[in-house]
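Novice: For the sequence shown, the positions run 1347 to 1700 when the numbering used here is used.
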Amino acid sequence: MASLVLRNLVKSFGNTEVLHGISLAVDDGEFVVFVGPSGCGKSTTLRLIAGLEETTSGEIEIAGRVVNHLEPKNRNIAMVFQNYAIYPHMTVRKNIGFGLRTSKLSKTERRARLEEVAEILDMTDLLGRKPSQLSGGQRQRVAIGRAMVRDPAVFLFDEPLSNLDAQLRAQMRLEIKKLHQRVGNTIIFVTHDQVEAMTMADRIVIMKDGHIQQVGTPSEVYHRPASTFVAQFIGAPSMNMLAGEAVENAIHLKSGAKINLDLGLKNGLPVIVGVRPDDLHPGGGASILEGTVTVQEPLGPETLVYVDTVNGEVIAKADGRVPPQVGDHVALSADPDCIHVFDAESQEVLTRPL
1347 MASLVLRNLV KSFGNTEVLH GISLAVDDGE FVVFVGPSGC GKSTTLRLIA GLEETTSGEI
1407 EIAGRVVNHL EPKNRNIAMV FQNYAIYPHM TVRKNIGFGL RTSKLSKTER RARLEEVAEI
1467 LDMTDLLGRK PSQLSGGQRQ RVAIGRAMVR DPAVFLFDEP LSNLDAQLRA QMRLEIKKLH
1527 QRVGNTIIFV THDQVEAMTM ADRIVIMKDG HIQQVGTPSE VYHRPASTFV AQFIGAPSMN
1587 MLAGEAVENA IHLKSGAKIN LDLGLKNGLP VIVGVRPDDL HPGGGASILE GTVTVQEPLG
1647 PETLVYVDTV NGEVIAKADG RVPPQVGDHV ALSADPDCIH VFDAESQEVL TRPL
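(1) Just list the residues that DSSP pairs F1535 with in beta bridges.
(2) Count the other CB atoms, across all protein chains shown, that sit within 10 Å of the CB of L1520; report buried if there are 16 or more and exposed otherwise.
(3) Determine the contact status of G1443 and F1579, defining contact as a CB-CB distance below 9 Å.
(4) Looking at the secondary structure, which residues open and close the alpha helix (DSSP H) in which F1575 lies?
(5) For L1700, which residues from the same chain have a beta carbon less than 6 Å from its beta carbon, with the 5 sequence-adjacent residues on both sides left out?
(6) Return the chain-ordered ranges of every alpha helix (DSSP H) run that is complete within the region 1602 to 1630 and spans a minimum of 4 residues.
(7) Report the partner residues of E1461 according to the DSSP bridge assignment.
(8) In the DSSP assignment, find the alpha helix (DSSP H) that holds T1390 and state where it starts and stops.
(9) What does L1678 pair with, by DSSP beta-bridge criteria?
(10) Starting from A1371, trace the beta strand (DSSP E) both ways and give me its first and last residue.
(11) Output needed for L1599: all residues of its chain with C-beta closer than 6 Å, excluding positions within five of it in sequence on either side, in chain order.
(12) DSSP state of Q1671, grouped into three classes?
(13) What residues are listed by DSSP as bridge partners for G1562?
(14) Span of the alpha helix (DSSP H) holding K1523?
(15) State the Cα-Cα distance for the pair F1380 and V1551, rounded to the nearest angstrom.
(16) Pick out whichever of E1465, P1506, V1500 and P1498 has its Cα sitting closest to the Cα of R1485.
(17) For E1691, collect the residues of the same chain with a Cβ closer than 8 Å to its Cβ; drop the 5 residues on either side in sequence, then sort them by chain order.
(18) For the pair the region 1601 to 1612 and the region 1553 to 1573, tell me if three or more CB-CB distances fall below 8 Å.
(19) Note down the Cα distance separating A1409 from R1492, rounded to an integer number of angstroms.
(20) Taking DSSP as the reference, what is the three-state secondary structure of N1414?
(21) Would the beta-carbon of V1672 be found less than 8 Å away from any heavy atom of the ligand MG?
(22) Give the DSSP-derived three-state secondary structure of S1358 in the structure shown.
(23) When you compare the CB positions of I1406 and L1352, do they come within less than 9 Å of one another, or not?
(24) In or out: D1504 buried (at least 16 other Cβ within 10 Å) or exposed?
(25) Classify A1515 as buried or exposed, calling it buried when 16 or more other Cβ atoms lie within 10 Å of its own Cβ.
(26) Grouping DSSP H, G and I as helix and E and B as strand, with all else coil, what is A1582?
(27) Just to confirm, is the Cβ distance from V1426 to D1548 under 9 Å?
(28) Have a look at E1694 and A1572 and give me their C-alpha separation to the nearest angstrom.
(29) Going by alpha carbons, who is nearest to T1537 out of I1597, V1356, C1386 and N1531?
(30) Taking DSSP's pairing of strands, which residues face T1649 in a bridge?
(31) Which of the three DSSP states is assigned to F1444 in this structure?
(32) Using a Cβ-Cβ cut-off of 6 Å (strictly less than) and excluding sequence neighbours within five positions of T1638, which residues of its own chain qualify?
(33) Report the three-state DSSP secondary structure of A1543 (helix, strand or coil).
(34) Just the C-alpha distance for V1672 and L1650, rounded to the nearest angstrom, thanks.
(35) Determine the DSSP secondary structure at H1569, reduced to helix, strand or coil.
Put into C-alpha cells, the structure is as follows:
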C-alpha cells in the first residue's frame, strides 16, 4: 500500500493542453474515484500515473518516491482495463499467475500467492476453466486477480465495469468495494458513471475540461457542490436550476416567488437557485414554483413528476401512493436549508446548505 501525490500535472498532445496543472493527494489505502464527462482528462490522468503516457510537466509521487522517470513495470502499480485483457487460451490459474511472471518469488511462493488471491475473489473452483467458460463478471474478477497477485502499491482501474450489463455492474461494484475493505490497497478508479463514483469512493474527484472541479466525499459533493457543473453532474435526476436575483435579504425567482435567504449579496446580483428533485415536493410549505404536471415516472414508494413552470421544466418528488396526475396544477415547495445559490456569471456556489 502507498500514498499517491500529483503536483501541478500538465499534459499536452502537440499544441493542445488537456490537463492544466492538476494537484491531488491520495492517502495510503484510500479509494479515490475520478469521474467526469468524456474528454475531461480522467483517463489521461490515470495513464500518466501508470506511466503509459509521459507528463509534459509536474510530478507524480508514489509511496514518497517521484516516479516520472520510471517505466510502468517499475512503479509498483497494477492496472485493470475496460476490456479485461485476459488470454483466451490460458486457464484462470495461468491468467492470474501471469501477473507474477517477472517476480522473484519461488514456485511454491507463487502458488501460495495465487491460491490466496483466488480465495479472496471466490474463484478457487474456477482455476481450471478457460475464459470462454466464464461469465462477464467472472472474467473481470480474473483481470482483477492478475493485478492483485502482484500485491501492488496502487491499483488503477480504467472504467472496468462499462462493458457489463446493469445488474452485473451493481454486483461488481459491491465486490470491488468489499475487496477494498478486505485488502486495503490504495485504489484509483476512473469512470464516467456518477452512480459508481457515489457508491464506491472514499473521495470523488470531479473533472471537467482538464481541471479538477471539486474533491470530496460522496456526501460532500452531493450536498455541498462547489459549482453548477458539480451540482448537475452528481445526482440523478440532476439538480433543478432556477434563474433569480438577490434582493435585500432574499432571492427573487423568475416565477415571482420570494425565498428568504440572508446571504449578504449585492442587490440585483443575478443568481442561479439549485434545488434537488429529492428536496422539491408538491404541497407542503411555502410555494416557490407553480406549474402543470407533464410526465410521471413511478418508482414504487416515490414518483418523479415533471412540472412545466415559468422557470422552465423542473423535476419534483411526490408520494408514490397518491402522486399528482398529468395535467394537474401543482404548487412546489422546498426547505430553505436545502436550497443552493450560485453566482450566475462564475457558476460557483455562493452558499452551501449545512
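Virtual Cβ for every residue (Gly too), placed ideally from N, Cα, C. Bear in mind that the values here come from a model prediction, so they are computed numbers and not experimental data.
Specialist: Taking the structure as given:
(1) V1379 and F1503
(2) It is exposed - the Cβ of L1520 has fewer than 16 other Cβ atoms within 10 Å.
(3) no
(4) According to the DSSP assignment, F1575 belongs to the alpha helix (DSSP H) that extends over T1574 to F1579.
(5) For L1700, the predicted model reports a pLDDT of 46, less than 50, meaning its position is unreliable and no value from the coordinates is stated.
(6) none
(7) Looking at the DSSP assignment, E1461 forms no beta bridge with any residue, so it has no partner.
(8) In the DSSP assignment, T1390 falls within the unbroken alpha helix (DSSP H) covering K1388 to A1396.
(9) The partner list for L1678 (beta bridge, DSSP) reads P1628 and L1635.
(10) T1362 to V1372
(11) Same-chain partners within the cutoff: L1588 and G1590.
(12) coil
(13) I1550
(14) A1512 to V1529
(15) 5 Å
(16) Residue P1506 is the option with its Cα nearest to R1485.
(17) Taken in chain order, the residues that qualify are P1616.
(18) no
(19) So the two alpha carbons sit approximately 22 Å from each other.
(20) coil
(21) Here there are no bound small molecules, and the ligand MG is not part of this structure.
(22) strand
(23) Contact: yes.
(24) buried
(25) According to the sequence provided, residue 1515 is Arg. The question's Ala does not apply to it. By the neighbour-count rule (16 or more Cβ atoms within 10 Å), R1515 is buried.
(26) coil
(27) no
(28) 6 Å
(29) C1386
(30) P1644 and A1664
(31) helix
(32) D1654 and H1675
(33) helix
(34) 11 Å
(35) helix
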